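In the order they appear, the protein sequences are chains A and B.
Count along the first sequence starting at 1, add 587, and that's the number in this note's numbering.
Count along the second sequence starting at 1, add 587, and that's the number in this note's numbering.
To start, the structure itself, in C-alpha cells.
There are 2 protein chains.
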Amino acid sequence: MEQQNFIHELMDATDQKLTPKQAQIIQAAIEIFAEKGYAATSTSEIAKRAGVAEGTIFRHYKTKKDLLISIVSPAITRFVVPFFAEKFVQDVFDQDEIEEIEPLLKNLISNRYQFVKNNVPLLRIMLQEMAFHPELQEQYKRVFVSKVLPRFKQVVDQLRGARQIGDIPTETVLRLTMTTIIGFLITRFIVMPDYPWDDETEIEYTIQFIRNGLKGI
Amino acid sequence: MEQQNFIHELMDATDQKLTPKQAQIIQAAIEIFAEKGYAATSTSEIAKRAGVAEGTIFRHYKTKKDLLISIVSPAITRFVVPFFAEKFVQDVFDQDEIEEIEPLLKNLISNRYQFVKNNVPLLRIMLQEMAFHPELQEQYKRVFVSKVLPRFKQVVDQLRGARQIGDIPTETVLRLTMTTIIGFLITRFIVMPDYPWDDETEIEYTIQFIRNGLKGI
DNA sequence: CCTAAAATTGAGTGATTACTCACTTCACAT
DNA sequence: ATGTGAAGTGAGTAATCACTCAATTTTAGG
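Structure (C-alpha cells):
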C-alpha cells in the first residue's frame with residue numbers, strides 16, 4: 588500500500604502516464620524482485636502476479652532489464668538525494684551557522700528511517716542489483732557526487748568550526764556517518780525485521796554514537 | 588591465489604578430499620558467482636571456465652544449489668566465528684580483566700581486514716546469496732549465537748566495569764560495533780575498492796570512532 | 001455511433017537451462 | 001598384468017526462458 592506512493596511518484600517524476608496494467612506490472616515486479624532477486628524472476632511470473640498477459644510487459648518495457656532499471660533508477664534518486672540535499676537546504680541555510688550536530692542527525696536518521704520503512708522491497712532490490720548493474724552504480728555515484736557530497740562537506744566544515752567534529756578527514760566523517768546510518772537501517776529492516784525493536788531509543792543511541800564518535804575526546 | 592587457501596581449508600574442514608577437477612570447479616564457481624550472482628550463472632559456464640565437462644559438476648554436487656552451499660557454508664563460519672571467538676579466547680582469558688578497548692578493536696579489525704582482503708569474491712557471494720537462501724541465514728544465526736554472542740557479552744561486561752563503555756545496552760553495543768566494522772570492510776573492498784585508501788589510518792580512525800562512540804561523554 | 005489509435009492478448013519461437021545416463025578413462029590394490 | 005570402483009565425459013532431454021507478433025479489445029475524439 589505504501590508502494591502505491593512510489594508508483595505515483597514514479598508517474599510524476601518521469602511524466603509517463605502509467606496505465607492501470609502498467610502499475611500492476613511494476614507493483615508485481617517490485618514484489619517478486621525483492622523476494623527472489625532479478626535474475627531468478629521470470630517475466631511469466633511477473634505477468635501472472637500482475638494479472639496481465641506476458642506480452643503486455645514487453646509493450647511497455649523493451650526488455651526485462653528495462654523494467655528493472657525503470658524501477659530501481661528513480662528509487663536510487665529518492666533514497667540518496669535526501670541524505671544531505673533537499674531536506675537540508677532549508678535547515679542549513681535558514682541559520683547561517685550550524686552549531687549543533689544532534690538535531691541534524693536526528694532529522695537525517697528519522698527521515699531516512701521513514702522512507703526505508705515505507706519502501707523495504709525497493710531497498711532490497713537496490714542493495715541486490717546495484718552489485719551487478721554498472722549503470723545503476725554510475726547513477727548512484729552521479730547523484731551522490733553532485734547532490735549530496737557538496738552539501739555534506741559544507742555542513743562538516745561548519746560543524747568543525749563549532750567544535751562538534753574532531754580532527755577527522757571529511758571523507759572519513761562521511762564514511763563513518765553513512766555506514767552507521769545505513770547499517771542501522773539495514774539491520775533494522777532487512778537483517779532483523781522481526782526483532783522487537785524500540786525504534787526511538789535505538790535511533791537515539793545511534794545519534795549519540797555518531798556524535799561522540801566524531802567529536803573525539 | 589589466495590582462494591587456494593580457502594579451498595585447502597575447505598578440504599581440511601569437511602574431511603572431503605577434493606580431486607583436482609573438483610578444486611577447479613569450486614574455484615571457477617567462486618569467480619563466476621561473485622561476478623554475476625548465483626542465479627545468473629549457468630553450470631555450463633562454470634564447467635567451461637573450470638576446464639571440465641558439465642557432467643563432472645553433477646558427479647560431485649547433486650544440484651547447482653548444492654555447489655553454492657558447499658562454497659558459502661564454510662565461508663560463513665570462517666568469516667563470522669573469529670569476530671569474537673577463537674582469536675579472543677586467549678586474549679580475553681590470558682588477562683583476568685580487560686581494561687582497554689583499543690587493542691581489542693585493533694586486533695579485531697585488523698584480523699577481519701586481512702581475511703576479507705584475501706577473500707573478496709567469497710564476501711560478495713555471501714552478501715548476495717544470504718538474502719535468498721534461508722538455510723544460509725540460519726547457519727549464520729546458529730554460528731553467531733553459539734560462538735560469538737556469549738563471548739561478546741562477556742567482553743562488553745568487563746569493559747563496562749572498566750568504564751570503557753557507557754550506558755548502552757549490550758545488544759546496541761554489538762550492533763553499532765559490528766555495523767561500523769562490516770561497513771568499513773564493505774566500503775573498502777566492495778563499494779570503493781579502487782579508492783586510494785590509506786588503510787592503516789582509516790583503521791585507526793574507525794577504532795577511535797567506535798571507542799569514543801561507545802564511551803559516551 | 002463510428003473509427004482510428006493505443007492497449008492488450010496468448011500462442012508461438014529459438015535459445016538456454018539444470019540435470020541424466022550410458023559410456024570411457026583413470027588410479028591402484030592384488 | 002589385471003580387475004574394480006571411482007572419476008570424468010558429453011550427447012541428450014524436458015522444461016523454462018525472454019521475447020515476438022498477428023489478432024483482438026479498449027479507449028476516446030468527433
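Even for Gly, the Cβ is constructed at its ideal location relative to N, Cα and C.
All figures in this text were calculated on a predicted structure; none of them were measured in a lab.
Secondary structure of B/Lys604 (DSSP, three-state): coil. Minimum Cα-Cα distance from B/Ile613 among the listed residues B/Glu622, B/Ala627, B/Ile633, B/Tyr625 corresponds to B/Ile633.
Closest in C-alpha terms to A/Ala662, from the list A/Leu746, A/Tyr727, A/Ala640, A/Ile619, comes A/Tyr727. For B/Ile797, the three-state secondary structure derived from DSSP is helix. Ranked by how close their Cα comes to the Cα of B/Glu791, the residues A/Leu763, A/Tyr792, A/Trp784, A/Arg775 have A/Leu763 in first place.
At a beta-carbon threshold of 7 Å, none of the residues of chain B lie near A/Ile656; the nearest stands roughly 16 Å away.
Ranked by how close their Cα comes to the Cα of B/Val735, the residues B/Phe670, B/Phe771, B/Glu758, B/Ile712 have B/Phe670 in first place.
Between A/Ala640 and A/Gln611, the gap from beta carbon to beta carbon reaches 8 Å or more. Non-local C-beta neighbours of B/Arg711 in its own chain, meaning closer than 7 Å and more than five positions away in sequence, comprise Ala621, Ile777, ordered along the chain. For the region 675 to 729 of chain B, the continuous alpha helix (DSSP H) assignments of 4+ residues that do not extend past its boundaries occur at 689 to 705, 707 to 716, in sequence order.
B/Ala610 sits in a helix when the DSSP states are folded into three classes. For the region 784 to 800 of chain B, the residues whose beta carbon sits under 9 Å from a beta carbon of chain A are, in order, Thr788, Glu789, Tyr792, Thr793, Gln795, Phe796, Ile797, Arg798, Asn799, Gly800. When the alpha-carbon of B/Ile685 is set against those of B/Val730, B/Ala626, B/Lys802, B/Gly748, the nearest one is in B/Gly748. Boundaries of the alpha helix (DSSP H) harbouring B/Thr643: 641 to 647, taken from the DSSP string.
Using a CB distance below 7 Å, the part of the region 748 to 768 of chain B facing chain A consists of Ile755, Thr759, Arg762, Leu763, Thr766, Thr767, ordered along the chain.
Ranked by Cα distance from A/Gln741, the first of A/Thr606, A/Thr757, A/Arg729, A/Gln609 is A/Thr757. DSSP places B/Met765 in the uninterrupted alpha helix (DSSP H) bounded by 757 to 773.
Judged by beta-carbon spacing, A/Gly624 lies within the 8 Å limit of A/Gln715, meaning their Cβ atoms are closer than that value.
Cβ contact annotation for B/Arg729 (same chain, cutoff 7 Å, sequence separation greater than five): none. B/Met713 sits buried, since 16 or more C-beta atoms from the chains shown fall within 10 Å of its C-beta. Within the same chain, and ignoring the five residues on either side of B/Lys693 in sequence, the residues whose Cβ sits closer than 8 Å to its Cβ are Ile790, Ile794. Ranked by Cα distance from A/Trp784, the options B/Thr759, B/Thr774, B/Val668, B/Gly642 are led by B/Thr759.
Distance from the CA of B/Arg775 to the CA of A/Gln724, rounded to the nearest whole angstrom, comes to 16 Å.
What A/Gln715 touches in chain B, judged by beta-carbon distance under 8 Å, is Gln715, Ala718, going in chain order.
Where B/Phe666 is concerned, the enclosing alpha helix (DSSP H) starts and stops at 651 to 667. Taking CB atoms only, A/Ala616 has no neighbour in chain B less than 8 Å away. The closest CA to that of A/Arg738, considering only A/Val668, A/Thr606, A/Leu772, A/Ala616, is found on A/Val668. Residue-level contact check: A/Lys652 does not touch chain B, since none of the beta carbons of chain B fall below 8 Å from its beta carbon. Per DSSP, A/Asp754 lies in no alpha helix (DSSP H) segment and is marked neither H nor E. Around the beta carbon of B/Ser660, 16 or more other beta carbons sit within 10 angstroms, so the residue counts as buried. With a cutoff of 8 Å on beta-carbon distance, A/Asn706 and A/Phe593 are scored as near each other. Counting along the chain, the unbroken alpha helix (DSSP H) around A/Asp744 starts and ends at 736 to 748.
Interface residue (Cβ-Cβ distance to chain B less than 8 Å): A/Thr630 is not classified as such.
Listed along the chain, the chain B residues whose CB falls inside 8 Å of the CB of A/Phe771 are Arg762, Thr766. Contact between B/Gly803 and B/Asp754 is confirmed by a C-beta separation of about 7 Å, below the 8 Å threshold. Using a CB distance cut-off of 8 Å, A/Lys802 counts as an interface residue toward chain B.
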